[in-house]
Amino acid sequence: MDLKETKEEEEVEKLKAEIEKLKAEMEKLKESKFHADGQAFQSRMDLKETREENSNLKIVQKSQSDSILELEMVLTASGKEKMNALKEEHAQEIHALKEERAQEKEEHAQEIHALKEEHAQEKEEHAQEIHALKEEHERQMRVCTSGLIDVGNWHTENAGEMNNPMETPATAQATTYFFNADHFASQLA
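The letter at position 16 of the sequence shown is residue 16 when you use this note's numbering, and the numbering goes up by one with no holes.
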């Protein structure tokens with residue numbers, strides 16, 4: 001009976017260690033999720049900053065448009081050619097600014113998309129790891145549970161045969177393997 005209690009205590013300790021290991025894994029996954037959430041938050045902040053820059057560019061553009069109107073009034077007297085040249089130059093500057101801004105927006109959108117994909121991939125990997133850990137834990141619990149039930153049944157059924165003088169070497173070997181803690185532990189792994 002002491003051997004059975006010792007094995008049960010060992011199994012309980014192994015299960016406790018496994019549970020602690022699973023808890024540590026869960027904590028690691030939570031930290032990873034927290035990090036990914038932080039990256040997503042930073043991306044949202046960057047996007048907000050980009051929107052603010054766009055608003056500022058619109059203000060600058062409006063100011064430049066207002067400047068063009070003022071220049072038109074001043075330069076009307078000096079000739080339409082000069083005014084058209086200034087308009088064209090100004091339009092090119094605005095166009096260049098818009099293209100530059102559009103390029104920056106596209107790059108930023110690509111970065112955000114890449115971060116989202118990376119985050120989704122990490123979430124998927126974490127979910128797979130958690131699922132694998134749960135399956136392994138359930139498998140180990142089934143092995144432990146079936147092993148404990150088998151030991152209990154064997155003790156009840158064979159209680160009178162343990163000191164049987166007619167025991168054959170094969171049953172002695174089977175009994176030795178059955179109670180060998182290393183053999184039982186190797187079944188858990």
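Think of the CB as a built atom: it goes at the ideal place given N, C-alpha and C, for glycine as much as any other residue.
A quick note: this is a predicted structure, and the numbers were derived from the prediction, not measured.
Shown here for residue 97: same chain residues with a beta carbon closer than 7 Å to its own, the five before and five after excluded, namely 57 in chain order. Rounded to the nearest whole angstrom, the C-alpha separation of residue 72 and residue 62 is 15 Å. Under the three-pair Cβ rule at 8 Å, the stretch 79 to 92 does not count as touching the stretch 112 to 122. Two segments are said to touch when three or more pairs of C-beta atoms, one from each, lie closer than 8 Å; by this definition the stretch 99 to 118 does not touch the stretch 4 to 17. Runs of alpha helix (DSSP H) with 4 or more residues, each lying fully within the stretch 44 to 132, are absent. Taking a contact to require three or more Cβ pairs closer than 8 Å, the stretch 37 to 51 and the stretch 129 to 145 do not qualify as touching. A straight line joining the alpha-carbon of residue 36 with that of residue 23 spans about 20 Å.
54 is the residue among 78, 54, 137, 94 whose C-alpha sits nearest the C-alpha of residue 105. With a cutoff of 8 Å on beta-carbon distance, residue 126 and residue 33 are scored as near each other.
If you draw a straight line from the Cα of residue 66 to the Cα of residue 44, it is about 33 Å long. Residue 25 places its beta carbon less than 8 Å from that of residue 133.
When the Cα atoms are used, residue 29 and residue 59 turn out to be separated by approximately 45 Å.
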